[in-house]
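Here's the structure we're looking at; comments come further down.
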Amino acid sequence: MKNLQSLRGMIDLLPSQAERWQKVEALARDHFRRAGLGEIRTPLLEYTELFARGIGEATDVVGKEMYSFFDRGDRSCTLRPEGTASVVRSVIQNGLLSQGSQRLWYMGPMFRYERPQAGRQRQFHQIGVEFFGLSSEMSDAELISIAWDFLNDLGLRELTLEINSLGTKEDRKKYRQNLVSWLEDFTELLDEESLKQMNQNPLRILDSKKPHIQKLLNGAPKLGDFLSNESQERFLNIQNILNTLEIPFTINQKLVRGLDYYCHTAFEITSKQLGAQATVCGGGRYDGLVEELGGPKTPSIGWAIGLERLLILLNEDSFEKQFTEVYMVNKGDKAQVEALRLARDLRISNFVVEIDPSGSAFSKQFKRANRSNASWAVIIGDQELIQKEIRLKRLKGEIVGDNEYVVKNSDLNQIIKILRS
RNA sequence: GCGGGCGUCGCCAAGUGGUUAAGGCAGCGGCUUGUGGCGCCGCUAUUCGGGGGUUCGAAUCCCCUCGCUCGCCCCA
């Protein structure tokens, strides 16, 4: 029989990696706590319609990347491909918007049916932040700063923050018409992909990776020239605030982002170390989405960080590995139980304690104790049981003979005192 | 969905048609019947991702298939 395997693009996180994830997650939580954000946890499964309406029928995410199926009641359900739509649904459904502005974060797995490659899995993980009911330039800058500070605190350098303004729906409509009519003079230079995009979502041609398209676009009309005065002023204000906060950024007029709901501010944080999928963090303003999904008109902005990509960047750095402090060497039926009892007591006193499970020869157990990198071996065997004593042996440092201590009557305080010395 | 590269033990690998598929790491056992870090010895792939074919003979050649990986599309 063939061996069972995980699904393509869905990977196991083994202990050595999981430790790194925990550290990243803990740091994120700490940043969010200090920024006064509230956590929101939404289901992994939603009605398909939520994503179809929220993300946009024309996007690839909805068009060809969703994990959808019919449940036993014949309802179309979908594993969430991103976080924003679910959060918006929840915030509407639970009436949070009538309680004033909301500043929220979430963390968890997302699902997209795509070919896996570097920095892309079918089940992947995002950390995201969403602000609702805040429209000022300040809130845009604060939101960006939360992402920036978190990434910096992780020790990541070599990151680039790119920002752009997509303006209002009307701004974009004007620009779109101009761009399309300009492109129509060059249809013979466009490839099949770009021609298709020209009809469906022409702005997306802007971030094409093909060199000849980019060369052509140098002469194309610029989005920035079509922003209304208000939109331009808004964009300038945000730049000023970012400058004041000393958050370095570059303006990328071709940054459009794929999902339908964005307006005004769009931004990305990228790293050159990532290969083709270089975006670590992406986000923007989506003032129309809440209304689109049946809620009150609510200005909103958010970002998401891809954890897999973050972890790739962090793999270069050395993490402080969790290590065992005390290794319990034990032999004999009764002695093993005593060892377990003492291990529990020491764990209650906050020691990291590993207990040898093998019952094999002491020399073997000491070898493992040494390999575990523990500072101490605690020895309980039949002899100790008879003598009512416990031996502690210091494993690190020079062997100078007297590195063993005997504690009478299993005196826990005495043991702890020696272990802490 | 489309292209390129790759699949030999838990990990890293040698082997490119000929009798028993190197080696290293890790693991387990012993030298050392209760004391580690070094050392030495032994054990761990009837089988080379899977299936079919060619051949007297295949991990090695051919076909199909699965998986991994990098890129395109798209996105975090």
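Just so we're aligned, residue -18 is where the first sequence starts under my numbering, counting upward by one.
The C-beta atom is built at its ideal place from N, Cα and C for all residues, glycine as well.
key: C-beta contact flag for ALA39 and LEU147 at 9 angstroms   = no
query = Contact between the segment 85 to 95 and the segment 5 to 21: three or more CB pairs below 8 angstroms?
reply = yes
ask   = If we call anything under 9 angstroms between Cβ atoms a contact, is GLY(-10) one with PRO62?
value = no
inquiry  = On the CB-based measure, 16 or more other CB atoms within 10 Å of its CB, does MET(-18) come out buried or exposed?
reply    = Reliability fails at MET(-18), whose pLDDT of 38 lies under 50, so the model's placement of it is uncertain and no value is given.
query = Can you pull the DSSP bridge partners for SER57?
reply = PHE51
message = So, at 6 angstroms on beta carbons, what are the nonlocal neighbours of GLY313 in its own chain, with the 5 sequence-adjacent residues on each side left out?
response = GLY362, ASP363
inquiry  = Does the segment 278 to 290 come into contact with the segment 305 to 319, if we say contact requires no fewer than three beta-carbon pairs (one atom in each stretch) closer than 8 angstroms?
reply    = no
query = GLY136 to ASP130, Cα distance in whole Å?
reply = 10 angstroms
key: Limits of the alpha helix (DSSP H) - the one that GLN395 falls within   = 393 to 401
request  = Would you kindly check if the distance between the Cβ of SER212 and the Cβ of THR149 is under 9 angstroms?
outcome  = yes
ask   = Start and end of the alpha helix (DSSP H) containing LYS374?
value = LYS374 -> not in any alpha helix (DSSP H); beta strand (DSSP E) instead, spanning 370 to 375.
task = Kindly give me the distance between the Cβ atoms of ILE21 and VAL68, rounded to whole angstroms, as I take these residues to be in contact under 8 angstroms.
result = 6 angstroms
ask   = Comparing alpha-carbon positions, which option in ARG14, ALA66, THR23, LEU140 lies nearest LEU255?
value = LEU140
ask   = Expressed to the nearest angstrom, what Euclidean distance is found between the alpha-carbon atoms of LEU197 and GLU273?
value = Answer to the nearest angstrom: the Cα atoms are 35 angstroms apart.
request  = With a floor of 3 residues, list each beta strand (DSSP E) that falls wholly inside the segment 238 to 300, ordered by position along the chain.
outcome  = 244 to 252, 260 to 266, 281 to 287
inquiry  = Excluding the 5 residues flanking ASP456 on each side, which residues of the same chain have their C-beta closer than 7 angstroms to its C-beta?
reply    = Any property of residue 456 remains undetermined from this structure, which presents the chain solely from -18 to 402.
inquiry  = Given a cut-off of 9 angstroms on the beta-carbon distance, is the pair LEU223 and ILE127 in contact?
reply    = no
inquiry  = What does the Cβ neighbour count give for PHE50, buried or exposed, with the cut at 16 atoms within 10 Å?
reply    = PHE50 comes out exposed.
request  = Can you grab the Cα-Cα spacing for the pair GLY114 / GLY35, in whole Å?
outcome  = When rounded, the distance between both Cα atoms is 18 angstroms.
Contact set for SER391: own chain, Cβ-Cβ below 6 angstroms, skip 5 residues either direction = ILE371
task = Go ahead and pull the three-state DSSP assignment for PHE304.
result = coil
query = How about ARG56 and TYR28: do their beta carbons lie closer than 9 angstroms?
reply = yes
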